[in-house]
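Asks: Chains B and X are the protein sequences, given in the same order. Those letters in the first sequence? Residues 85 to 217, by the working numbering. Those letters in the second sequence? Residues 85 to 217, by the working numbering. Pasting in a structure now, in structure tokens, and then I'll have a few things to ask.
2 protein chains.
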Amino acid sequence: MNNYTDILRQHNLKATPQRLEITNALYQAGHITIEKLYEIMHKKFNSISLATIYKNINLMVEASFIQEVKVPNAKSVYELTKDKHSHIVCSSCGDITDVDLDLDSIIKDAATISSHTIDRSDLVLSGTCKNCQ
Amino acid sequence: MNNYTDILRQHNLKATPQRLEITNALYQAGHITIEKLYEIMHKKFNSISLATIYKNINLMVEASFIQEVKVPNAKSVYELTKDKHSHIVCSSCGDITDVDLDLDSIIKDAATISSHTIDRSDLVLSGTCKNCQ
DNA sequence: CTCTGTGCAAAGCGTTTGCAAACGA
DNA sequence: TCGTTTGCAAACGCTTTGCACAGAG
């Protein structure tokens, strides 16, 4: 049992049952669309509103408690913020998995080539997962 | 002067003035949002409709003549399809530049770790460009 | 008790669709 | 000429907003 109550409060968010369930759903699913999240939430709170989902998702993104992942040719998914990682999407079943890749030298190259400072990297790989092959 | 007329036809798209101008705007801008594209188009065709822009953008994406780039915390941009490359976004001015990075070994690692096949990679780096620093 | 969060309904915004007229080949 | 494309208006779907009531601290 994770203590999301405290974590929410640390982000100045009251620990309402709805928020605890959103957090729990994100934890369970790993990556989830708004649509799917609403489905799950609706089972527990049959009168929940999509507005509540959106308001909370936006607050949680602002608080950097969760993050949006933009996926090519698909809807965005949300995940709990965790250590830096990349994503692999299966174009067939849509499943998304995390993968820990070392992008340091590539980012360093990019910074040199472009004269940019770089503070964020989003890598999404697409292909076919083992099950779908 | 690029011969987009022929290129459009090779993709089974009639070379209308509107399409030639969309293509030209993409070429000039490198990366462009729908909104900005409409602005530019409107100067040349004052009665152009957003519907025309959307229809053509969608056809061109389907034909792989252009591609959508999903940008964190910003609207998608479109670019002419060219050799594989990554993108660097300036969080300050919003400017997007192409950068040629070798992701081969990283992709290979990811394929091994995940047992996926990988046929596409989208890397978007974010930071601050030289001008904005 | 106070202030924040929820749920509802309405509004807002970006995108798509249907259709008649215009146009490219 | 024939099939495609354009522009308009309406429809659509996702997201946000305003407000009264409920609930967390």
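Each residue gets a CB set at the ideal place from its N, CA and C atoms; glycine is no exception.
#1: Could you name the residues of the same chain whose beta carbon sits closer than 8 angstroms to that of Ala109 (chain B), not counting the 5 residues immediately before and after it, in chain order?
#2: Nearest chain B C-beta to His200 (chain X) closer than 9 angstroms, yes or no?
#3: Determine which residues of the segment 186-199 of chain B have a Cβ less than 8 angstroms from any Cβ of chain X, and write them out in chain order.
#4: Run through DSSP, which three-state label would Leu97 (chain X) get?
#5: Check distances from the C-beta atoms of the segment 139-156 of chain X to those of chain B and list, in chain order, the residues that come in under 8 angstroms.
#6: Can you confirm whether Thr117 (chain X), when its beta carbon is compared against all beta carbons of chain B, has any partner nearer than 9 angstroms?
#7: Can you tell me whether Glu163 (chain B) is buried or exposed? The criterion is at least 16 other CB atoms within 10 Å of its CB, across all chains shown.
#8: Could you say which of X:Asn157, X:Val161, X:Leu187 lies nearest to Val145 (chain X) if we only look at CA atoms?
#9: Output the distance between the C-alpha atoms of Thr201 (chain B) and Lys154 (chain X), rounded to the nearest integer angstrom.
#10: For a contact meaning CB atoms closer than 7 angstroms, what does Asp203 (chain X) contact in chain B?
#11: Is there a Cβ of chain X sitting closer than 9 angstroms to that of Ser175 (chain B), yes or no?
#12: Can you find a C-beta in chain X that's less than 9 angstroms from the C-beta of Lys168 (chain B)?
#13: Near Ser176 (chain B), what residues of its chain come up, given a Cβ to Cβ distance below 8 angstroms and the 5 sequence neighbours on each side ignored?
#14: Listing by chain order, which chain B residues have their CB less than 8 angstroms from the CB of Ile124 (chain X)?
Replies: According to the structure data:
#1: Ile116, Leu121, Ile124, Met125
#2: It does; some Cβ of chain B falls within 9 angstroms.
#3: For the segment 186-199 of chain B, the set of residues with a beta-carbon nearer than 8 angstroms to any beta-carbon of chain X comprises Asp186, Leu187, Ile190, Ile191, Asp193, Ala194, Ala195, Ile197, Ser198, Ser199, in chain order.
#4: coil
#5: Listed in chain order, the positions of the segment 139-156 of chain X with a beta carbon within less than 8 angstroms of a beta carbon of chain B are Glu152, Lys154, Val155, Pro156.
#6: It does not: the Cβ of Thr117 (chain X) has no partner Cβ on chain B nearer than 9 angstroms.
#7: buried
#8: X:Val161
#9: 20 angstroms
#10: Ser210, Gly211
#11: Chain X contact via Cβ: present.
#12: So no, Lys168 (chain B) is outside the interface.
#13: Thr212, Cys213, Cys216
#14: Here the premise fails: no neighbours, minimum Cβ distance about 25 angstroms.
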